[in-house]
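Asker:
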Amino acid sequence: MEGCVLCPRLCGADRGAAAGICGMPDIITAAAAFPHFWEEPCISGTGGSGAVFFSGCPLGCVFCQNEKISRGRFGKPLSGEGLMRVFDRLLEQGAHNLNLVSPTPYAEILARVLEQYRSPVPVIYNCGGYERVETLRRLEGLVDIWLPDIKFFDSAVSAKYAGAPDYFEAASSAVLEMQRQQGTLVLGRDGLAVKGLLIRHLVLPGNLAQTGKILRWVSENLPRETFVSLMSQYTPCGTAALGLPLSRQLSAREYRIAKEMFARFGFVNGYVQDPASAGSECVPAFRLEGLEETI
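At position 287 of the sequence shown (counting the first as 1) the number is 290 in our numbering, and the numbers step up by one without a gap.
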């Protein structure tokens, strides 16, 4: 892949010869694949979400709990055929959907794989929100459920915590494109997501102002029925563990205020999280699960 411009970094790397700013070459690399039971209820259901965790990331969040794969380059190279075998195995295990986690560095390759595979279950694009509209349009008709984060609102905050002062500009444009493509989240009679947009926001300690601004923007720019998952699972990881306010977990008071803002802005659909979801024991270990016999 010459002159890579898949993400807003626009690094222009020749990823056939050297890694891009995402840290990865142009070969699909994954760190694990397994039925995931800890996503939102409409995603995990009873059979689990068929999660494939890809290696590399265009962001550089100082608090990343998946640092081993986002920046450590840990993972196993896969061919397109190998990835399709991973998909088949997840479906054989009863997964309700195929959940592509941090897929951005491989968006073009994944588009070609999905064109060939034609999944019988919904395909989820589970990303950090830092996306290019042009890349999302390449995936139109291939992704059923868009599952982006909106992490930061202010450029100074996103520059400090992710090295991306343009984060909200990119993420807000991306979310509007996702809404255009698939609309508001649709649930089947079994309560499982079929298609549409589900926005995630991780409430950060000491950063309630970001939460309020993001919720306000969503309420003013997307339908009232938009699903928002308000997450409390923040766990100090990486360099964030070295200094306040990110060196501590979210307080009960902070999350209560975040939920009050959620209600005040009039959201009618969404999820809040059990505080027990936070903690180092909830951070995946990544041991190439589900990839042992795949090339």
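Note that the Cβ used here is the ideal one computed from N, Cα and C, for glycine as well.
(1) Between the C-alpha atoms of Leu207 and Lys216, what's the straight-line distance to the nearest angstrom?
(2) Go ahead and label Ala36 buried or exposed: buried means 16 or more other beta carbons lie within 10 angstroms of its beta carbon, across all protein chains shown.
(3) Give the list of continuous beta strand (DSSP E) stretches no shorter than 3 residues that lie fully inside the stretch 52-105.
(4) May I have the straight-line CA-CA distance separating Leu188 from Glu111, to the nearest angstrom?
(5) Using the C-alpha atoms, what's the distance from Gly191 back to Asp157?
(6) Over the uninterrupted alpha helix (DSSP H) stretch that includes Ala177, give me the two end residues.
(7) Mapping the DSSP letters down to three states, classify Ser254 as helix, strand or coil.
(8) Check the C-beta distance from Leu205 over to Asp152 and give it rounded, since I have them as a contact under 8 Å.
(9) Whole beta strand (DSSP E) runs in the stretch 99-143 with 3 or more residues, listed along the chain?
(10) For Met87 and Val124, what's the separation of their Cα atoms in angstroms?
(11) In angstroms, rounded to a whole number, what distance separates the CA positions of Leu142 and His99?
(12) At what residues does the alpha helix (DSSP H) containing Ala165 begin and finish?
(13) Considering only residues of the stretch 6-52, which uninterrupted beta strand (DSSP E) runs meet the minimum length of 3 residues and lie entirely inside it, listed in chain order?
(14) Tell me whether Thr107 is buried or exposed, calling it buried when 16 or more other Cβ atoms sit within 10 Å of its Cβ.
(15) Just to confirm the assignment, what range does the beta strand (DSSP E) spanning Ser222 have?
(16) Between the stretch 210-229 and the stretch 249-263, can you find at least three pairs of beta-carbon atoms closer than 8 Å?
(17) I'd like the span of the beta strand (DSSP E) that includes Arg290, first residue to last.
(18) Determine the contact status of Leu101 and Leu113, defining contact as a CB-CB distance below 8 Å.
(19) Where Phe56 and Ser222 are concerned, what is the direct C-alpha to C-alpha distance, given to the nearest angstrom?
(20) Sort Leu195, Val197, Ser176 by Cα distance to Leu225 and report the nearest one.
(21) Ile127: which of Val116, Trp149, Glu137 sits nearest, CA to CA?
Answerer: This is what the structure gives:
(1) 13 Å
(2) buried
(3) 52-57, 101-104
(4) 25 Å
(5) 36 Å
(6) 170-185
(7) coil
(8) 7 Å
(9) 101-104, 126-130
(10) 13 Å
(11) 20 Å
(12) 158-165
(13) 32-39
(14) buried
(15) Not the beta strand (DSSP E): Ser222 falls in the alpha helix (DSSP H), residues 211-224.
(16) yes
(17) Here Arg290 belongs to no beta strand (DSSP E), and DSSP marks it neither H nor E.
(18) no
(19) 30 Å
(20) Ser176
(21) Trp149
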